[in-house]
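Residue 13 in full-length UniProt numbering is what sits at position 13 of the sequence shown, and the numbering runs on without skipping anything. Don't be surprised by glycine CBs; every beta carbon is placed ideally from N, CA and C. Accompanying notes for the structure given below.
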Amino acid sequence: MNLKENNASLEGTRIIISGGGIGGVSAALALAQKGAAVELFEKSAEFREVGAGLQIGPHGWRMLEQWGVLDIAVNAGYLPKAIQFRDAVSGDDLLRLSFDEDFERHYGGRYLVIHRSDLLSILVDAARDAGAQLLNNVKVVDAATEHEGDCVKVKAEIKDQHGLRSVEAEVLLAFDGIHSTLRKKFISDQPVPSGYVAYRGTSSLAEDKGMSELEDVLGYIGPDCHFIQYPLRCGELLNQVGVFRSKNYFDAIDNGAVPEEWGTNKELSVAYKHCHQSVQSRVDYLWKDRWWKMSDREPLDNWKKGRIILLGDAAHPPLQYLASGAVMAMEDAACIADYAADYVAENGEVNWDHILDEVQAERIPRCTRIQTTGRFWGDLWHESGRARAIRNELFRAVSGTGWYKYADWLWRYDHRERAYVKNPDLGKMPEELKDIVGS
């Protein structure tokens, strides 16, 4: 527990946040708890998260505890006993990651699954209770750092029902998502489609005879697809996610075209025909009126421009395979709040130029590693033929807590240790993996 929580070390500091997702609201909470005057602008009419279930590893658990919202999050979510990986074709068990007492001792936290909207609602209430101003129907459309003598400030242009107006602050945190408006000030790039699409669905767990006893996160991995299942809301709901490779997408790309429509219901209807019946039988439970085209972006080597910094999916949107996208944004939020408070504690004043430099020195290599490893992990899940057989044997060969060494870098992370500031090479892909992924 950080003993500097809920203090007034940033009192008098004015901060603007663009974007009211989990990352932006987490930053509003973390900074307001330290006394900062926070204004968050969200373009939508309400605070809401797209999708359903969200997995929070022990690295996220510890931040929820630090911010004082852990108990309410646990009461709203579900604590699975393990993650189970199974082969999607044969249905055979491959690997079980147990979330027992030894896991909790080793990682300093539990593994939580929670509905996205529930977590966001909890964070919104806590941020407002801490004094943050969270405003809907307001979009940050532009921003710039201005210098007036010794004074440096950010001037942001916002658009609301009254039109355009300007607001000022000492720093602007851009948590405005994978389609970030403010990222365009740093680089002219686009999201990178993976060619995979996700379908999601929730249903009553108690009424589902085939799944009513489920207590784990269950993941079927197979050629060109995977399927994830776990309980939500204290076991009331069953959350299911089906992800598959879109043939329409890759056929169009191979012909030099950009596909307009891909991942459709027609593709879903045949995507799992090669899978075990325990997977095929679940497709009917997925929502058919919407689907999500899975994309990330190439890692950036700079997130800072003056007093503006990109964070969350605006800076480092990952593919979903490490189940850490939301926690990465939460880490950003905790990092900037703690580093700012630490600087004030050591120097008696705030220096945002130094703080933002330190934040990105820590976060860029950390997030680059997650983005890069996430791509590799997805490839590993979706292998076929001989590679699938080798992967399965490697998974089966891991016993007991032997898998800890593969997850420690992700789940034991603590931004307060400044490990990546001290050694940026931690963010590089291990040499033994480079040949595999062609890096």
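{"Check": "Near R116, what residues of its chain come up, given a Cβ to Cβ distance below 8 Å and the 5 sequence neighbours on each side ignored?", "Outcome": "I22, E49, V50, G51, A52, G53, L54, A326"}
{"Check": "Measure the beta-carbon distance from T145 to R307 and round it to whole angstroms, keeping in mind my assumption that it falls under 8 Å.", "Outcome": "5 Å"}
{"Check": "Counting Cβ pairs, one atom from each stretch, are 3 or more of them under 8 Å apart for the region 377-387 and the region 222-235?", "Outcome": "yes"}
{"Check": "Kindly give me the distance between the Cβ atoms of M211 and L172, rounded to whole angstroms, as I take these residues to be in contact under 8 Å.", "Outcome": "The pair is not a contact, with the Cβ atoms about 45 Å apart (cut-off 8 Å)."}
{"Check": "Alpha carbon to alpha carbon, how far is R245 from Q33? Give it in angstroms, no decimals.", "Outcome": "43 Å"}
{"Check": "If we call anything under 8 Å between Cβ atoms a contact, is F409 one with Y321?", "Outcome": "The residue asked about is misnamed: residue 409 is Trp in this sequence, not Phe. Cβ atoms of W409 and Y321: not closer than 8 Å."}
{"Check": "According to DSSP, what are the bridge partners of E39?", "Outcome": "I16, Q133"}
{"Check": "Is DSSP giving N239 helix, strand or coil here?", "Outcome": "strand"}
{"Check": "Fully enclosed by the region 263-309, which alpha helix (DSSP H) runs are 4 residues long or longer?", "Outcome": "265-271, 277-280"}
{"Check": "For I228 versus V241, is the C-beta spacing smaller than 8 Å?", "Outcome": "yes"}
{"Check": "DSSP on V138, reduced to helix/strand/coil?", "Outcome": "coil"}
{"Check": "Residues in the same chain with beta-carbon distance under 8 Å from F186, minus the five sequence neighbours each way, listed in chain order, please.", "Outcome": "L300, N302, W303, K305, L310"}
{"Check": "Give the range of the alpha helix (DSSP H) segment to which Y199 is assigned.", "Outcome": "That residue, Y199, is in no alpha helix (DSSP H); its beta strand (DSSP E) goes 192-204."}
{"Check": "Thinking C-alpha only, which one of K293, W292, I370 is nearest G312?", "Outcome": "I370"}
{"Check": "Roughly how many angstroms separate the alpha carbons of H162 and V138, rounded to a whole number?", "Outcome": "10 Å"}
{"Check": "Hey, A340 and L79 are a contact pair by Cβ (cut 8 Å); roughly how many whole angstroms apart?", "Outcome": "Between L79 and A340 the Cβ distance is about 32 Å, and since that is not below 8 Å, they are no contact."}
{"Check": "Between the region 250-268 and the region 193-208, can you find at least three pairs of beta-carbon atoms closer than 8 Å?", "Outcome": "yes"}
{"Check": "Grab me the residues of E46's own chain with a C-beta within less than 8 Å of its C-beta, minus the 5 sequence neighbours each way, in chain order.", "Outcome": "N136"}
{"Check": "Rounded to whole angstroms, what is the Cα-Cα separation between V437 and Q84?", "Outcome": "Because the pLDDT of V437 is 46, which lies under 50, any placement of that residue in the model is unreliable, and the number read from its coordinates should be weighed accordingly. Between V437 and Q84, the C-alpha separation is close to 25 Å."}
{"Check": "Could you please give the first and the last residue of the uninterrupted beta strand (DSSP E) stretch that includes Q229?", "Outcome": "225-232"}
{"Check": "Out of D208, V258, R396, which has the shortest C-alpha to C-alpha gap to residue 466?", "Outcome": "The first residue shown for the chain is 1 and the last is 439, placing residue 466 beyond what the model contains."}
{"Check": "Tell me where the beta strand (DSSP E) around A174 begins and ends.", "Outcome": "171-174"}
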